[in-house]
Amino acid sequence: KVIQQEYIPFVHVNASDKPRFVRNRIMKKIERFTTLRKNLFERVYPIKAQLAQKLIDAGYLHYSKFGKFCPVSLHNGDCFPPPFGPDKSPCTVIYRKYIYYLADEEARNEFIKNPMFYARQSPPKSLIPAKIAIVGPPKSGKTTGLFSFFFRYLQIQSNFSNAEASIETLEALSKISKAKLELSSETPTFCSFYR
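If you're matching positions, the sequence shown starts at 901 in our numbering and goes up one per residue.
Encoded structure:
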């Protein structure tokens, strides 16, 4: 009774079975104090999806960096968001100041066991590729800026109709940059890829 009054966690284990069964029960009961020790003081609160949306709309809580993706599914290699709808509502939890959407009860239980592990993984990549438009007057350096950006992030062109034109442009730019290198000692930043 003193332990209960002081809120000290304790477990009841039936020790009348074989020793290996008793040991397995004990290990399962104290797992959060041994293997998942870093999550000992972390609290995850399961809530209903409607309440989660109301808390987000009110600005009291925010979406996690995963949005509506399930972090447990992402860790397991599933890169698509779970199909939520009228038939299947998401399992939502509050962890710190964020709301996490989880695919099902099993994923929610897994997340509750080890929230720091799943919350620290990198967020999913965008399903929609970024599109950039460079706008400016003639001779303002739009092409130079584009190729500088291209070389910095090593973007590969996937549009085959434009691939031949871009290769010709890159070759022409390479020749120009080599000529500039021969004339000056400074290396242009957009040509560093071709050295």
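Built from N, CA and C at the ideal position, the CB exists for glycine as well.
- Under the rule that 16 or more other beta-carbon atoms within 10 Å means buried, what is Gln1074, buried or exposed? Counting from one through the sequence shown, the residue named residue 1074 turns up at place 174. Note that residue 1074 is Ser in the sequence shown here, rather than Gln. Label assigned to Ser1074: exposed.
- Among Asp917, Pro1024, Arg943 and Val913, which residue has its Cα nearest to the Cα of Lys997? Indexing the sequence shown from 1 puts residue 997 at position 97. Answer by Cα proximity: Arg943.
- Task: Ignore the nearest five residues each way along the sequence and tell me which others in Ile903's own chain have a CB closer than 6 Å to its CB.
- Result: Position 3 of the sequence shown, counted from the first residue, corresponds to residue 903. So the list reads Phe910, once near-sequence residues are dropped.
- Straight-line CA distance for Phe1011 to Ala1033? Counted from its first residue, the sequence shown places residue 1011 at position 111. Counted from its first residue, the sequence shown places residue 1033 at position 133. Taking the straight line from one Cα to the other gives about 40 Å.
- Near Lys929, which residues of its chain fall below 7 Å by C-beta distance, leaving aside the five closest residues on each side in sequence? Translated into the one-based positions of the sequence shown, residue 929 becomes position 29. Counting only Cβ-Cβ distances below 7 Å, and skipping sequence neighbours, we find Val911 and Val913.
- By the 10 Å Cβ neighbour count, where 16 or more other Cβ atoms means buried, how is Gln1057 classified, buried or exposed? Along the sequence shown, read from residue 1 onward, the residue named residue 1057 stands at position 157. A caution first: Gln1057 carries a pLDDT of 49, below 50, which makes its placement in the model unreliable, though a value can still be read off. That one is exposed.
- Query: Within the present structure, is the beta-carbon of Lys1031 separated from the nearest heavy atom of the ligand MN by less than 7 Å?
  - Reply: With respect to small molecules bound, the structure shown includes none, and the ligand MN cannot be examined in it.
- Where does His962 sit, in a helix, a strand or coil, going by DSSP? Here residue 962 is taken as the residue at index 62 of the sequence shown, counted from 1. In this structure, His962 counts as strand in the three-state DSSP scheme.
- Check the DSSP bridge columns for Tyr1018 and list the partner residues they point to. Stepping through the sequence shown from its first residue, residue 1018 is reached at position 118. Per DSSP, none; premise fails for Tyr1018.
- Take Gly1045 and list the residues in its own chain whose beta-carbon comes closer than 7 Å to its own, dropping the five residues that flank it on each side. Counted from its first residue, the sequence shown places residue 1045 at position 145. Hits under 7 Å: Ile1034.
- Message: Quick check on the DSSP output: the alpha helix (DSSP H) that includes Thr934 runs from which residue to which?
- Response: By one-based count along the sequence shown, residue 934 stands at place 34. Thr934: member of the alpha helix (DSSP H) spanning Glu931 to Thr934, first to last residue.
- Which runs of the beta strand (DSSP E) spanning at least 3 residues fall entirely within the region 966-1025, listed in chain order? 991-995 and 998-1002
- With Ile947 as the anchor, note down where its beta strand (DSSP E) starts and where it stops. For the purposes of this step, residue 947 is taken as the residue at position 47 of the sequence shown. Start and end: Val944 to Ile947.
- Go to Ile903, then tell me how far its alpha helix (DSSP H) extends in each direction, as first and last residue. For the purposes of this step, residue 903 is taken as residue 3 along the sequence shown, with counting starting at 1. Note, Ile903: alpha helix (DSSP H), Val902 to Gln905.
- Message: So, at 6 Å on beta carbons, what are the nonlocal neighbours of Ile926 in its own chain, with the 5 sequence-adjacent residues on each side left out?
- Response: Numbered from its first residue, the sequence shown carries residue 926 at position 26. The residues are Val913.
- Query: Thinking C-alpha only, which one of Gln905, Pro1024, Thr992 and Asn976 is nearest Phe966?
  - Reply: Here residue 966 corresponds to residue number 66 of the sequence shown, with the count starting at 1. Per the Cα distances, Pro1024.
- Message: Alpha carbons only, please: which of Thr1043, Glu1068, Tyr995 and Gly985 is nearest the one belonging to Phe941?
- Response: Your numbering for residue 941 matches position 41 in the sequence shown. The residue with the shortest Cα to Cα distance from Phe941 is Tyr995.
- Decide if the region 959-977 is in contact with the region 1005-1020; the criterion is three or more beta carbon pairs, one per stretch, under 8 Å apart. yes
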